[in-house]
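Peer 1: For reference, the structure I am asking about is given below.
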Amino acid sequence: MTKLFKPMLIATLLAAGVAGSALAAGEAPTQSPMPMMEKGRHMDPAQREAMAARHLQGLHDQLKLQANQEAAWKTFAASMKPGERMMPPKPQAGDTAPQRMERMLDMMKQHQDAMQKRLDALKTFYAQLTPEQQKVMDQWHGQMGRRMSPMAKPQPK
């Protein structure tokens with residue numbers, strides 16, 4: 178028994194030392210899965226609007242629009258500007274569960290109406306584009322979707 182005790186003690190101490198040094202080193206900080214979302218969430222409205230304007234200007238430059246397409250572009254760009262951020266409805270004292278849900282549903286309807294207006298403007302603008310410009314627009318809109326969704330991005334390794 179004593180012949181096994183010393184090697185077991187040494188092995189245990191070595192394992193504890195390795196584990197302790199690994200814990201002390203800690204993990205390297207990882208990039209947030211939603212950098213744009215976090216950045217946008219903490220921006221003041223002026224910064225958010227400036228960022229949106231830069232993105233739209235970049236799209237405008239990539240599309241190389243012709244003069245007859247500018248009116249449709251202006252309508253589309255106006256629809257894409259960030260609006261006033263809607264805050265979730267605050268529960269009122271004495272509200273019932275159905276009343277709270279109705280207020281939430283009203284807010285969702287407002288969001289849907291705003292999205293429908295954007296879709297209508299997008300369809301009108303898209304119809305004015307050449308096939309090459311439509312490809313650029315498809316790529317841009319796909320990238321926009323990936324920026325918005327943390328699940329669509331590949332996670333850092």
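Heads up: take any position in the sequence shown, counting from 1, add 177, and you land on this note's numbering.
Using N, Cα and C, we set each Cβ at its ideal position, and we do this for glycine too.
What are the uninterrupted segments assigned as alpha helix (DSSP H) that are 4 or more residues long and contained completely in the stretch 212 to 293, given in chain order?
Peer 2: List check, alpha helix (DSSP H) in window: 212 to 218, 222 to 240 and 247 to 257.
Peer 1: Expressed to the nearest angstrom, what Euclidean distance is found between the alpha-carbon atoms of Asp221 and Asn245?
Peer 2: Taking the first residue of the sequence shown as position 1, residue 221 is located at position 44. Taking the first residue of the sequence shown as position 1, residue 245 is located at position 68. Approximately 35 Å, taken between the alpha carbons.
Peer 1: Can you find the residues in the same chain that come closer than 8 Å, C-beta to C-beta, to Thr301, ignoring five residues on each side of it along the sequence?
Peer 2: Sequence index remark: in the sequence shown, residue 301 carries index 124 (1-based). Answer for Thr301: Ala249, Thr252 and Phe253, listed in chain order.
Peer 1: Please state whether DSSP places Thr307 in a helix, a strand or coil.
Peer 2: As a first step, residue 307 must be located in the sequence shown, where it is residue number 130. Coil at Thr307, not helix or strand.
Peer 1: Check this for me: beta carbons of Val313 and Gln243, under 8 Å apart or not?
Peer 2: The residue labelled residue 313 in the question sits at position 136 within the sequence shown. The residue labelled residue 243 in the question sits at position 66 within the sequence shown. Contact: no.
Peer 1: For Met285 and Pro265, which I take to be in contact (beta-carbon distance under 8 Å), what is that distance rounded to the nearest angstrom?
Peer 2: Taking the sequence shown and counting its residues from 1, one reaches residue 285 at position 108. Taking the sequence shown and counting its residues from 1, one reaches residue 265 at position 88. Met285 to Pro265, Cβ: 10 Å. No contact.
Peer 1: Is Tyr303 near Gln293, with beta carbons less than 8 Å apart?
Peer 2: Taking the sequence shown and counting its residues from 1, the one referred to as residue 303 is at position 126. Taking the sequence shown and counting its residues from 1, the one referred to as residue 293 is at position 116. Not closer than 8 Å, so no.
Peer 1: Measure the C-alpha to C-alpha separation of Ser256 and Arg277 and round it to an integer number of angstroms.
Peer 2: Numbered from its first residue, the sequence shown carries residue 256 at position 79. Numbered from its first residue, the sequence shown carries residue 277 at position 100. Cα to Cα, Ser256 sits roughly 30 Å from Arg277.
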